[in-house]
Amino acid sequence: MKDETLAALTGLCAKCGTCRTVCTLYPERKAEIAVARGKVALLEAAMNGEDPDADSVQEALTDCLLCGRCERACPNQVLVEEIVMKGRADLAEEVGIPAWKSILFGKVMASPGATAAARKAAAAGERLLLPKVPTGSGLHYRFPEGLGGKGRTVPELPARGFLESLGRKEAASGEVMLFVGCVFDHVFPQVGRAAYETVKASGKSVAVFRDAACCGLPAMVSGDRRSAMACAEGNLRRLRSAEPATIVFPCGSCLLMFRRNLLSLVPQGVPLHEDALWVADRSTDYASFLLASGVVGRLPDPPAGEKAGEIGYHDPCHLSGTLGKGPEAREVLRRAAGDAFAEMEGADRCCGYGGTFNVRDYRTSARIGEGKVSLAARGGTKVISTACSGCVLQMRDMAARVDPSLRVVHIAELVAQALARGEGTAPRR
Ligand code: SF4
Ligand code: SF4
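In this note's numbering, each residue's number is its place in the sequence shown (first place is 1) plus 98.
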């Protein structure tokens, strides 16, 4: 394993061990290899030819939530997330990507039509195979133990995605472009709708990015840079030709992909780099857009004292941690929900999702997530709001395990409710 860029990145590590004190995974594993310092040491050994065992390097790199807590605490600004992703990509070049992953990332998620067809097939499979359970966040299906579910619940998939619910000419062009993302289009279309209606309340012309492929983050974090490029190429070209002034992302992980990770996927010298820079400069999170465009200032006064302290906010690692966008969502919530919003116990603790980590080691992912959600519930939170699709997926599942009366929502749903209160109507579903 030889990689000069990776060697330069790992070379910044002073082996001080600060990362161990904050690592989300260390309390679970109690092993040095779980933390950034252990991963860096193993990578260095592999690059120096001292320990060329690809399996152990792969295991160490895969066993990470990419929550970024280590990176933010590191006194040497070691780019741990970049190291882990780069290491995974190098190994993928050496040993390959499992066929099911390259089909999912490179063929299904890179194609809007194939993603919609996959959702329809999965929805039919759910109805035929899985038992239903009611939860505070709506109906879920429970995976039987025999199917490898380990108690996992999954949301009831809708018959129509958000984009399919738009009229043919609706939201076709505008100065603001809404990048809904796969999950808020196909799994929780009510979030896509709430984001659209509330962004429209800015009074600006709003387009919805209809022929969007996946942002490419699942492929990128799995080391499948070829599939990530397949997603990026179409997205960047179509966004550039639409020429929006602003691109709004309701999902913090999609935003991270466009603000930071794409610039590493298409670095300087690669033809798409200039397009990636152009798009990154115009990309913003949902709450910042609502504040800057005046939507929040126009919300009606929230009811005083109603359900005081029942709504909390979960900080998505990518959005609040890596991109530093935590205060904006709180400002939006204070205005939309008033006294009902209060700081939640453990707000900045990782939910344990970690994308493919949740599939690879559901038991550990669930232990971390249950701890997070239980802490919030014990502190009196009844509604957990957030702004990332992975966090919504994970915490709805965790709420079903811990306390089925707990609700998990996107902040856009609460803003849509506040707007509807001002207009005296219920939000459109
Ligand atoms: S905190 Fe940073 S410098 Fe210290 S061991 Fe961890 S990665 Fe290396
Ligand atoms: S990204 Fe998170 S899970 Fe991975 S090593 Fe850093 S703190 Fe631990």
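Built from N, CA and C at the ideal position, the CB exists for glycine as well.
N-terminal and C-terminal residue of the alpha helix (DSSP H) that residue i is part of
| i | result |
| --- | --- |
| T420 | Unbroken run through T420: none, as it is neither H nor E. |
| T382 | That residue, T382, is in no alpha helix (DSSP H); its beta strand (DSSP E) goes 381–383. |
| F203 | Taken as a continuous stretch (DSSP letters only), F203 belongs to no alpha helix (DSSP H), as it is neither H nor E. |
| K230 | Here K230 belongs to no alpha helix (DSSP H); instead the beta strand (DSSP E) covers 230–233. |
| F260 | 260–263 |
| L276 | From DSSP, L276 is part of no alpha helix (DSSP H) but of the beta strand (DSSP E) over 274–276. |
| V193 | 178–193 |
| A305 | From DSSP, A305 is part of no alpha helix (DSSP H) but of the beta strand (DSSP E) over 304–306. |
| T116 | 116–120 |
| F60 | Coverage of the chain is limited to positions 99 through 527, which leaves residue 60 absent and any answer about it impossible. |
| S154 | 152–160 |
| C352 | 350–354 |
| Q492 | 487–500 |
| A310 | From DSSP, A310 is part of no alpha helix (DSSP H); its letter is neither H nor E. |
Residue from the options with nearest C-alpha to residue i
| i | options | result |
| --- | --- | --- |
| R458 | V507, R308, K199 | K199 |
| K423 | E443, L397, A385, G403 | A385 |
| T251 | V513, L512, D151, V231 | V231 |
| C168 | I195, A139, V133 | V133 |
| G249 | P229, L255, G236 | P229 |
| E262 | D151, F286, V274, M275 | F286 |
| A326 | M145, S381, T103, L202 | L202 |
| D373 | G395, P342, S391, G350 | P342 |
| V182 | L164, P173, V278, E331 | L164 |
| R389 | P414, V289, I409, V346 | Checking the sequence, you will find Leu at residue 389 rather than Arg. Of P414, V289, I409, V346, the residue nearest in Cα terms is V346. |
| D446 | V430, R505, H416 | H416 |
| E191 | G147, M318, A514 | M318 |
| S483 | E102, T462, E408, R476 | E408 |
| S487 | T462, Y460, G350 | G350 |
| L517 | A171, A293, L189 | A293 |
| P316 | G234, R505, L421, V206 | V206 |
| G419 | M442, G395, C448 | C448 |
| G314 | A144, A208, D383, A139 | A208 |
| N456 | L123, R291, V278, E142 | L123 |
| L264 | E295, G236, P425 | E295 |
| A427 | V281, G279, P348 | P348 |
| L353 | D153, R396, L276 | L276 |
| F387 | V430, D399, T103 | V430 |
| A444 | D413, A464, S463, T233 | Residue 444 is actually Gly in this sequence, not Ala. The residue with the shortest Cα to Cα distance from G444 is D413. |
Near ligand 1: residue i beta-carbon under 7 Å from a heavy atom
| i | result |
| --- | --- |
| A158 | no |
| N456 | no |
| C93 | Nothing about residue 93 can be read from this structure; the chain reaches only from 99 to 527. |
| V319 | no |
| A112 | yes |
| C117 | yes |
| V176 | yes |
| V138 | yes |
For residue i, the first and last residue of its enclosing beta strand (DSSP E)
| i | result |
| --- | --- |
| P400 | No beta strand (DSSP E) contains P400, which DSSP labels as neither H nor E. |
| Y451 | Segment: none, Y451 is in no beta strand (DSSP E) and carries neither H nor E. |
| S483 | 481–484 |
| G410 | 409–411 |
| T296 | Here T296 belongs to no beta strand (DSSP E); instead the alpha helix (DSSP H) covers 287–298. |
| K347 | Correcting the residue identity first, residue 347 is Phe in this sequence and not Lys. Where F347 is concerned, the enclosing beta strand (DSSP E) stretches over 344–347. |
| L237 | 236–240 |
| T251 | 251–253 |
| R505 | 505–508 |
Near ligand 2: residue i beta-carbon under 7 Å from a heavy atom
| i | result |
| --- | --- |
| C172 | no |
| T122 | yes |
| L164 | yes |
| V133 | yes |
| E179 | yes |
Below-8 Å beta-carbon distance, residue i vs any chain B residue
| i | result |
| --- | --- |
| D322 | The chain labelled as chain B is not found in the depicted structure, where only one protein chain is given. |
(message) Can you confirm whether the segment 106–113 touches the segment 427–444 when touching is taken to mean that 3 or more C-beta pairs between the two stretches lie within less than 8 Å?
(response) no
(request) Evaluate the contact criterion for the segment 354–363 versus the segment 218–238: three or more CB pairs, one atom per stretch, below 8 Å. (result) no
(message) So, does the segment 256–269 touch the segment 306–321, judging by three or more C-beta pairs under 8 Å?
(response) yes
(message) Does the structure place the segment 402–410 close enough to the segment 358–372 that three or more beta carbon pairs sit under 8 Å?
(response) no
(message) Taking contact to mean 3 or more Cβ pairs, one atom from each stretch, closer than 8 Å, check whether the segment 158–166 and the segment 132–146 are in contact.
(response) yes
(message) Quick check: the segment 318–338 against the segment 212–222, are at least 3 beta-carbon pairs closer than 8 Å?
(response) no
(request) Say whether the segment 311–327 touches the segment 290–300, bearing in mind that this needs 3 or more beta-carbon pairs closer than 8 Å, one atom from each stretch. (result) no
(message) Taking contact to mean 3 or more Cβ pairs, one atom from each stretch, closer than 8 Å, check whether the segment 254–261 and the segment 276–292 are in contact.
(response) yes
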